[in-house]
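Colleague: Chains W and Z are the protein sequences, given in the same order. Counting with this note's numbering, you get residues 134 to 245 for the letters of the first sequence. Counting with this note's numbering, you get residues 68 to 182 for the letters of the second sequence. Even for Gly, the Cβ is constructed at its ideal location relative to N, Cα and C. For clarity, every value in this text was computed on a predicted model and none was experimentally measured. My questions all concern the structure below.
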Amino acid sequence: SQTIHQWPATLVQPVGSPLSLECTVEGTSNPNLYWYRQAAGRGLQLLFYSVGIGQISSEVPQNLSASRPQDRQFILSSKKLLLSDSGFYLCAWRQGLSNIQYFGAGTRLSVL
Amino acid sequence: AQTVTQSQPEMSVQEAETVTLSCTYDTSENNYYLFWYKQPPSRQMILVIRQEAYKQQNATENRFSVNFQKAAKSFSLKISDSQLGDTAMYFCAFTFTGTASKLTFGTGTRLQVTL
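What follows is the structure, encoded as structure tokens:
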């Protein structure tokens, strides 16, 4: 069966520090991968998605970037965090022609 | 651009009762999918139910069912025999068919199930 792992679960970082969040999927190949952010009490906003290795599409221009160095690995990064980057970050995957996205457990990021 | 609207920020229902959560969406496309996701306090997003726009029959999953009105662009979720474990945020979401399949979410409805 397929599983998605996301880490760390919680992260507290100072303003101006770098960020790296990782997401990996097991039990599938060539999935679509997605990064979402959820602000407190709000819905999910799509940040990036990838349909293949090295292919990244950005939905919201901002202080973040994404990379897909391997088929089942998706990384969210920042060189210098801002206070406004605080939030709950969720990774998701979609297999083949199915339009269902399955989510990781999320990372709670606090930038202080 | 596509939008998803959930007009009920909070709802409450007693255990064993039935509750309906509302969702409307706006699109000019004809082929798409609609979803309800549940986010309990753990914040894990869990798929509740899916509806294909080309299907007239409403989707059901055990105690969960939808009322899909394509012409009205309405997609409500009915929870029957509510249980304490149904307490969560519920998000309505929309995606086109296609390679990217990006989800557009509503702002959510917080459901509290009480004794």
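What's the gap between the Cα of Phe161 of chain Z and the Cα of Asn125 of chain Z?
Modeller: 16 Å
Colleague: Can you confirm whether Leu178 of chain Z, when its beta carbon is compared against all beta carbons of chain W, has any partner nearer than 7 Å?
Modeller: no
Colleague: Could you name the residues of chain W that Leu195 of chain Z contacts, counting a contact when the two beta carbons are closer than 8 Å?
Modeller: Past the edges of chain Z, shown from 68 to 182, lies residue 195 of chain Z, and the structure says nothing about it.
Colleague: For Glu84 of chain Z, collect the residues of the same chain with a Cβ closer than 7 Å to its Cβ; drop the 5 residues on either side in sequence, then sort them by chain order.
Modeller: Same-chain partners within the cutoff: Ser149.
Colleague: So which residues on chain Z does Phe236 of chain W lean against when the C-beta distance must stay under 7 Å?
Modeller: For Phe236 of chain W, the C-beta contacts it makes with chain Z under 7 Å involve Gln111, Met112, in order along the chain.
Colleague: Is Thr127 of chain Z near the ligand NAP, judged by its Cβ being under 6 Å from some heavy atom?
Modeller: For the structure depicted, the ligand NAP is absent and the ligand set is empty, with no information on it obtainable.
Colleague: Taking only three categories from DSSP, how would you classify Gly152 of chain Z?
Modeller: helix
Colleague: Once DSSP output is grouped into helix, strand and coil, what is the label at Leu216 of chain W?
Modeller: helix
Colleague: Secondary structure at Ile186 of chain W, three-state DSSP: helix, strand or coil?
Modeller: It is coil, neither helix nor strand.
Colleague: Taking Cβ to Cβ, would you say Trp103 of chain Z is nearer than 7 Å to Val86 of chain Z?
Modeller: no
Colleague: Strictly under 7 Å for the Cβ-Cβ distance: is Gly152 of chain Z near chain W by that measure?
Modeller: no
Colleague: What would DSSP say about Tyr121 of chain Z, mapped onto helix, strand or coil?
Modeller: coil
Colleague: Report the option in Z:Phe172, Z:Ala138, Z:Thr154, Z:Thr176 whose CA atom is closest to the CA atom of Ser95 of chain Z.
Modeller: Z:Ala138
Colleague: I'd like to know if the region 68-82 of chain Z and the region 229-245 of chain W are in contact, where contact means that at least 3 CB-CB pairs between them fall below 8 Å.
Modeller: no
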